[in-house]
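Have a look at the structure below, then the notes.
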Amino acid sequence: MTAADQLPSRRLPAWCTAPWLMLLLPVLYSLMDTALVARNATWWQLSLSALAAVALFWRRRFPVTVFLLTMPGSWVEFIWLAPITAVYTVAVERSRPRLLIPCGTLFALVSFFHWPLPDTPIDLSRASALDAIQSVMLAAGPAATGLLARTRRELAARLEELTRGQERESRLLAERVLISERGRLAREMHDVVSHQVSLISIQAGALQVSTADPAAATVARTIRELSVRTLDELRQMVGVLRGTGGPLPDAPLAPQPRLADLPRLIEESGLTAETELDPGDHPWPEAVERAAYRTVQEALTNITKYAPAAAVHVRVRARGGRLRVEVRNEAPPVRPSETLPGGGHGLVGLRERAQLLGGTLTAGPTRDGGFEVRAELPDTRS
Numbered sequence: 000m001t002a003a004d005q006l007p008s009r010r011l012p013a014w015c016t017a018p019w020l021m022l023l024l025p026v027l028y029s030l031m032d033t034a035l036v037a038r039n040a041t042w043w044q045l046s047l048s049a050l051a052a053v054a055l056f057w058r059r060r061f062p063v064t065v066f067l068l069t070m071p072g073s074w075v076e077f078i079w080l081a082p083i084t085a086v087y088t089v090a091v092e093r094s095r096p097r098l099l100i101p102c103g104t105l106f107a108l109v110s111f112f113h114w115p116l117p118d119t120p121i122d123l124s125r126a127s128a129l130d131a132i133q134s135v136m137l138a139a140g141p142a143a144t145g146l147l148a149r150t151r152r153e154l155a156a157r158l159e160e161l162t163r164g165q166e167r168e169s170r171l172l173a174e175r176v177l178i179s180e181r182g183r184l185a186r187e188m189h190d191v192v193s194h195q196v197s198l199i200s201i202q203a204g205a206l207q208v209s210t211a212d213p214a215a216a217t218v219a220r221t222i223r224e225l226s227v228r229t230l231d232e233l234r235q236m237v238g239v240l241r242g243t244g245g246p247l248p249d250a251p252l253a254p255q256p257r258l259a260d261l262p263r264l265i266e267e268s269g270l271t272a273e274t275e276l277d278p279g280d281h282p283w284p285e286a287v288e289r290a291a292y293r294t295v296q297e298a299l300t301n302i303t304k305y306a307p308a309a310a311v312h313v314r315v316r317a318r319g320g321r322l323r324v325e326v327r328n329e330a331p332p333v334r335p336s337e338t339l340p341g342g343g344h345g346l347v348g349l350r351e352r353a354q355l356l357g358g359t360l361t362a363g364p365t366r367d368g369g370f371e372v373r374a375e376l377p378d379t380r381s
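What follows is the structure in structure tokens.
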């Protein structure tokens with residue numbers, strides 16, 4: 000970094016770059032030019048010169064028309080600022096050669112053949128040559144400057160577009176890196192978790208076969224079924240995380256849980272639950288049913304961790320186009336000495352899922368020492 004780069008950048012005050020000021024300044028200095036040049040002119044000459052200055056108010060909307068309005072005043076008086084500004088505006092706003100070249104040529108001719116015309120308009124003297132050069136420069140200078148300003152504006156727009164394109168490419172590259180890393184983490188998670196769950200399933204199967212206790216065999220069978228189901232869901236989620244657009248190639252897509260699966264979920268939880276399932280007669284959208292199922296599932300999981308002996312109340316009811324899900328447990332008689340580890344993200348994910356559907360989810364302790372999770376999910380089809 001050079002010393003110049005380290006200096007603080009100096010910007011013009013906001014009033015210096017205000018649009019109204021940029022529109023007004025050329026009119027003011029053109030009126031000043033008119034007052035100085037046409038001081039001893041007749042009323043009609045002064046009127047034409049003033050018209051040339053005032054017409055600059057509309058130079059951006061009607062550049063060619065404003066340029067033509069400046070020509071009479073420039074012809075009868077030696078005013079230059081108004082026509083120079085008009086030629087510059089034509090070059091900026093209408094840069095096509097078929098417009099710019101005739102306008103520049105007309106200004107040069109008006110400047111050279113000034114009123115009143117002499118007896119010999121064309122004189123091959125040194126003074127006439129200098130007047131011709133001056134007229135050409137008066138027309139070519141603002142035209143070239145206007146083209147340069149237009150080119151600079153187009154280059155700035157192009158640079159801004161390229162900058163946005165580079166930002167998009169950077170975001171896409173970051174997303175590709177994220178997808179690649181997510182796939183790697185998904186494979187690691189699949190290898191580690193599936194290995195542990197497979198061991199649980201194998202041990203449960205062995206216990207089911209070897210035990211003579213019917214209750215233990217039932218529990219072992221339930222553990223084995225849950226392990227197998229967990230492996231299936233894990234493989235599907237890993238396929239999504241890997242960004243393949245679906246599950247792993249050898250993992251069939253299992254049906255997503257619906258409200259009809261809630262009785263089996265509550266039964267397999269092993270909790271003593273009072274249930275009231277009345278979702279209404281009409282079918283709910285799949286996303287709403289899946290969100291309701293996951294809400295009940297997460298709430299039952301938390302109860303199993305922290306209050307396994309507490310009484311549980313599960314209610315799923317339709318209320319005025321909204322599906323209300325309530326899972327509440329009473330105060331547990333005893334607290335478990337050890338609880339399963341948790342990341343604390345379950346309720347956060349449920350709340351985000353409800354918000355994406357346009358609903359709400361609240362969770363918190365009750366007055367009697369229990370805990371309640373309540374979600375209201377709207378019918379997304381309405």
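For reference, each letter of the sequence shown is one residue, going 0 to 381 in numbering that gives the first Met the number 0. Even glycine gets a Cβ: it sits at the ideal position worked out from N, Cα and C. Because the structure is a prediction, the values reported are computed rather than measured.
- Annotated as distal: S169 and V196, with beta-carbon spacing of 8 Å or more.
- Selection M70, H312 and Y305 evaluated against P331 yields Y305 as nearest (Cα-Cα).
- Secondary structure of V324 (DSSP, three-state): strand.
- The Cβ atoms of L22 and F61 lie no closer than 8 Å to each other.
- Cβ neighbours of L45 within its own chain (closer than 6 Å, five residues either side excluded): A37.
- Cβ-Cβ distances below 7 Å link A216 to Q207 and T210 in the same chain, with the five nearest sequence neighbours on each side left out; the list follows chain order.
- The residue from P82, R93, P364 and L147 with its alpha-carbon nearest to that of S134 is P82.
- Bridge pairing for A317: L322 [DSSP].
- Secondary structure of T361 (DSSP, three-state): strand.
- Taking a cut-off of 8 Å on C-beta distances, the region 47-54 touches the region 71-87, as three or more cross pairs fall below it.
- For F56, there is no enclosing alpha helix (DSSP H), as DSSP marks it with neither H nor E.
- Annotation for V372: the continuous beta strand (DSSP E) segment containing it runs F370 to P377.
- Measuring C-alpha to C-alpha distances from L233 to each of M188, A85, T64 and G269 identifies M188 as the nearest.
- Considering only E92, T294 and A309, the residue with the shortest C-alpha distance to T271 is A309.
- The residue from A128, R97, L98 and I100 with its alpha-carbon nearest to that of F112 is A128.
- With a cutoff of 8 Å on beta-carbon distance, V109 and L98 are scored as not near each other.
- Partner residues in the beta bridge of H312, as assigned by DSSP, are E273 and R327.
- In this structure, L137 lies near F106, with their beta-carbon atoms less than 8 Å apart.
- The closest CA to that of E329, considering only R314, V295 and T365, is found on T365.
- No Cβ-Cβ contact shorter than 8 Å links L261 with V237.
- Within the model, the alpha-carbon separation for V315 versus G204 is close to 34 Å.
- Annotated as proximal: C102 and V86, with beta-carbon spacing under 8 Å.
- Rounded to whole angstroms, R163 and R152 show a C-alpha spacing of 17 Å.
- In the structure shown, Q255 adopts coil according to DSSP, grouped into three states.
- When secondary structure is reduced to three states using DSSP, L129 falls in the helix class.
- Assignment of P284 by DSSP, reduced to helix, strand and coil, places it in the coil class.
- Contact check for T84 against R58 passes: the beta carbons are separated by less than 8 Å.
- In the displayed model, V109 falls within a helix according to three-state DSSP.
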